[in-house]
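Novice:
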Amino acid sequence: MSNSQLEMLTDLARGARDQAGKTLAQERQTEQQTTAQLQSLLSYRAEYAERLQKAMSDGIDPATMYNYQQFLASLDAALSRARQALASQQASVEQSKKNWQQEQRKLSSYDTLASRRLLEEHRRSERQEQKTNDDLVTSRVARQHNDTPH
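Yeah, the sequence shown ends on 767 if you go by this note's numbering, and it's all consecutive.
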């Protein structure tokens with residue numbers, strides 16, 4: 618694989634990792650919004666249940682009691698749906714996190730390969746430079762040896 622192909626693969630992997638990161642951020646933001654909605658519903662239900670308790674201690678007619686109970690039942694159903702939505706969103710966050718991690722590992726692999734290649738090229742260059750220096754020294758010594766009278 619040529620260096621340009623490796624650079625292209627690295628760039629593609631970086632783009633995929635960045636896109637996976639954006640998706641993960643969006644999923645986390647949605648999770649936070651879903652959590653906030655659930656908390657709001659829980660607070661509203663607790664407040665409404667408290668109102669019912671107060672109304673019952675003050676005295677309440679059966680029709681009003683029935684309306685309170687029906688509304689609390691509809692809040693409970695909404696809470697159940699909100700909990701399911703949150704669980705589903707948390708699963709989406711986990712999947713997005715795994716996807717981002719996978720893309721990061723792929724990018725790291727390409728970066729490691731590129732670093733190894735660069736290191737190997739550097740070593741090869743150093744060996745070539747050393748060989749050239751050795752050849753120069755050898756030829757200088759040979760010339761000096763030939764230039765000295767016997």
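All C-beta atoms in this analysis are idealised placements derived from N, C-alpha and C, irrespective of residue type, glycine included.
Please return the same chain residues whose Cβ sits closer than 7 Å to the Cβ of Q707, not counting the five positions on each side in sequence.
Specialist: For the purposes of this step, residue 707 is identified with residue 90 of the sequence shown, where counting begins at 1. Correct list, in chain order: E648.
Novice: Rounded C-beta distance between L658 and A699? I'm assuming under 8 Å.
Specialist: If you number the sequence shown from 1, residue 658 lands on position 41. If you number the sequence shown from 1, residue 699 lands on position 82. Confirmed, Cβ separation roughly 5 Å.
Novice: Between the alpha carbons of L730 and S697, how many angstroms are there, rounded?
Specialist: Your numbering for residue 730 matches position 113 in the sequence shown. Your numbering for residue 697 matches position 80 in the sequence shown. Looking at the two C-alpha atoms, the distance is approximately 50 Å.
Novice: In whole angstroms, give me the CA-to-CA distance for L626 and Y727.
Specialist: The sequence position of residue 626 within the sequence shown is 9, counting from 1. The sequence position of residue 727 within the sequence shown is 110, counting from 1. In a straight line, the C-alpha of L626 is about 7 Å away from that of Y727.
Novice: Measuring straight from C-alpha to C-alpha, what distance separates H739 and S725?
Specialist: As a working mapping, residue 739 is identified with position 122 in the sequence shown. As a working mapping, residue 725 is identified with position 108 in the sequence shown. Distance between the alpha carbons of H739 and S725: 21 Å.
Novice: In whole angstroms, give me the CA-to-CA distance for L703 and T652.
Specialist: Here residue 703 refers to the residue found at position 86 of the sequence shown. Here residue 652 refers to the residue found at position 35 of the sequence shown. L703 and T652: Cα-Cα distance of roughly 7 Å.
Novice: Is the beta carbon of W717 sitting closer than 8 Å to the one on R634?
Specialist: Working through the sequence shown from its first residue, we reach residue 717 at position 100. Working through the sequence shown from its first residue, we reach residue 634 at position 17. For W717 and R634, yes; Cβs fall inside 8 Å.
Novice: Kindly list the residues whose CB is nearer than 8 Å to the CB of D693, restricted to its own chain and excluding five residues on each side of it in sequence; keep chain order.
Specialist: As a first step, residue 693 is located in the sequence shown; it is residue number 76 there, counting from the start. Only R662 meet the Cβ criterion.
Novice: Check the C-beta distance from Y685 over to L669 and give it rounded, since I have them as a contact under 8 Å.
Specialist: Along the sequence shown, read from residue 1 onward, the residue named residue 685 stands at position 68. Along the sequence shown, read from residue 1 onward, the residue named residue 669 stands at position 52. Contact flag correct, Cβ pair sits at about 4 Å.
Novice: Distance check for R645 and E711, CA to CA, integer angstroms please.
Specialist: Walking along the sequence shown from the start, residue 711 turns up at place 94. Walking along the sequence shown from the start, residue 645 turns up at place 28. In a straight line, the C-alpha of E711 is about 9 Å away from that of R645.
Novice: Cβ of N620 within 8 Å of Cβ of R734?
Specialist: The count along the sequence shown starts at 1 and reaches residue 620 at position 3. The count along the sequence shown starts at 1 and reaches residue 734 at position 117. For N620 and R734, yes; Cβs fall inside 8 Å.
Novice: Would you kindly check if the distance between the Cβ of T640 and the Cβ of S713 is under 8 Å?
Specialist: On the sequence shown, residue 713 is found 96 positions in, with the first residue counted as 1. On the sequence shown, residue 640 is found 23 positions in, with the first residue counted as 1. It is a contact, given that the beta carbons lie within the stated cut-off.
Novice: To the nearest angstrom, report how far apart S818 and S705 are at their CA atoms.
Specialist: Nothing about residue 818 can be read from this structure; the chain reaches only from 618 to 767.
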